[in-house]
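Written below as structure tokens is the structure these notes are about.
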Amino acid sequence: MIIGEDQILGQIKEARIAALKRGSCGPILDMIFNKAVHVGQLIRNKTQINKGSISIGSAAVELAESVQGDLKCKKVLVIGAGEMGALVARALAEKQLKAIVVANRTYDRAVKLAEELGGYAIQFDKLDRALSDADVVISATAAPHYILTHERVKKAIPVERRDKVTMIDIANPRDIEEKVKELGIRLFNIDDLRGIAEKNRRKREKEAEKAEQIIEEELELLVNSLKYKRIEPLISKIRKNMEEIRVRETKKAIKMLGKGEGEEKIIEDLTRSIVNKIFHDILSRLREAAEDDDKELIKACERLFN
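For the sequence shown, my numbering gives the first residue as 1278, with consecutive numbering after it.
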């Protein structure tokens, strides 16, 4: 559902490994799986399809980074452990932050989410203390009223820290009173995030057009590879027949000439070179026949070298 979602490529890799272990992935399917993974990696390297957040949770983290810089040394406070809080949590987890605090009215849910993040949970009545030294506050509760009012924030956050704090409100209805901005705190809401997500979505759609072109080119290569695969037994048979003839005739020539070991090697190399050159031309024609689906020529070769 999300254009350029990186997780899908990982899921395909895992599915292939699982199928190989169970013996339910044959050589042709394995070849296709490998190609799919290769093309996925190629697209990630050659396009910007997985750049820029397009989910609300990821956009919140991206916005926080754009304001605060690297979040690794920042204290992030997440208020709310419901569906929206979990979206933010997943985005934060990717950043491997050192200081994440989760506050929720139901403490058990806060604990569970904090464990996923590698952070710690606090009781809801300890919220003001957590606010006092937080650098980023992301609020995502289902409360019908403001969680952070102008007065509450004013009391909780020291004057000297206010211009260093970023608050992001992704709740609907709003969790943070708009007047909080008057304190010098940088406050953003879900509408700001939707704008970021939409802008990035349009960028990804543009990159998807480049991805489609790469897929078309790689698909053609895959189809030809599958066609070559079909004639591999025939190529192997031709190669074997020609090698048997070469060895047999070389032995006859050496016997008739009665040459020493040095001359034997010269004859061996000469006959091998001749056979390789003839085989190269046959192989080229067969590959062309496979690409063009020239079944008559392939069948004729099968009869010739049967």
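We put the CB at the ideal spot given by N, CA and C, even for glycine.
As the structure is a computational prediction, the values presented were derived from the model and not from experiment.
Provide the residue span of the beta strand (DSSP E) that contains residue i, from first to last.
i: LEU1354; result: 1352 to 1356
i: LEU1464; result: 1463 to 1466
Applying the 10 Å Cβ sphere with the 16-neighbour rule, what's the burial state of residue i?
i: THR1324; result: buried
i: LEU1306; result: exposed
i: LEU1511; result: buried
i: ASN1578; result: Note that residue 1578 is Cys in the sequence shown here, rather than Asn. It counts as buried.
i: VAL1344; result: exposed
i: ASP1283; result: exposed
i: ILE1320; result: buried
i: VAL1436; result: exposed
i: THR1443; result: buried
i: SER1335; result: buried
i: ALA1292; result: exposed
i: LEU1354; result: buried
i: ILE1285; result: exposed
Please state whether the Cβ-Cβ distance between residue i and residue j is less than 7 Å.
i: ALA1341; j: VAL1430; result: no
i: VAL1338; j: ALA1368; result: yes
i: ILE1326; j: GLY1281; result: yes
i: GLU1650; j: LYS1476; result: The first residue shown for the chain is 1278 and the last is 1583, placing residue 1650 beyond what the model contains.
i: LEU1460; j: ARG1438; result: no
i: LYS1458; j: HIS1427; result: no
i: LEU1394; j: ALA1366; result: yes
i: MET1361; j: ILE1447; result: yes
i: THR1418; j: ASP1452; result: yes
i: ILE1508; j: LEU1563; result: yes
i: ILE1434; j: LEU1464; result: no
i: GLU1495; j: VAL1316; result: yes
i: ILE1555; j: THR1527; result: no
i: LYS1514; j: PHE1582; result: yes
i: ALA1391; j: TYR1384; result: no
i: VAL1500; j: ARG1523; result: no
i: ILE1356; j: SER1301; result: no
i: LYS1352; j: ALA1380; result: no
i: ILE1531; j: GLU1541; result: yes
i: LEU1348; j: LYS1372; result: yes
Name the two residues that bound the continuous alpha helix (DSSP H) containing residue i.
i: VAL1457; result: Taken as a continuous stretch (DSSP letters only), VAL1457 belongs to no alpha helix (DSSP H), as it is neither H nor E.
i: LEU1297; result: 1283 to 1299
i: LYS1349; result: LYS1349 -> no alpha helix (DSSP H), and no H or E assigned at all.
i: LEU1374; result: Looking at the DSSP string, LEU1374 is not in any alpha helix (DSSP H), and its letter there is neither H nor E.
Just list the residues that DSSP pairs residue i with in beta bridges.
i: PHE1310; result: Paired residue(s): none; PHE1310 is not in a bridge.
i: VAL1379; result: VAL1355 and ALA1398
- Task: Could you tell me which uninterrupted alpha helix (DSSP H) segments, each at least 4 residues in length, are contained entirely in the segment 1398 to 1455, listed from first to last along the chain?
- Result: 1404 to 1409 and 1427 to 1433
- Message: Restricting to runs no shorter than 3 residues, where is the beta strand (DSSP E) found entirely within the segment 1547 to 1575?
- Response: none
- Task: Any chance you could list the beta strand (DSSP E) runs of at least 3 consecutive residues sitting entirely within the segment 1470 to 1511, in chain order?
- Result: none
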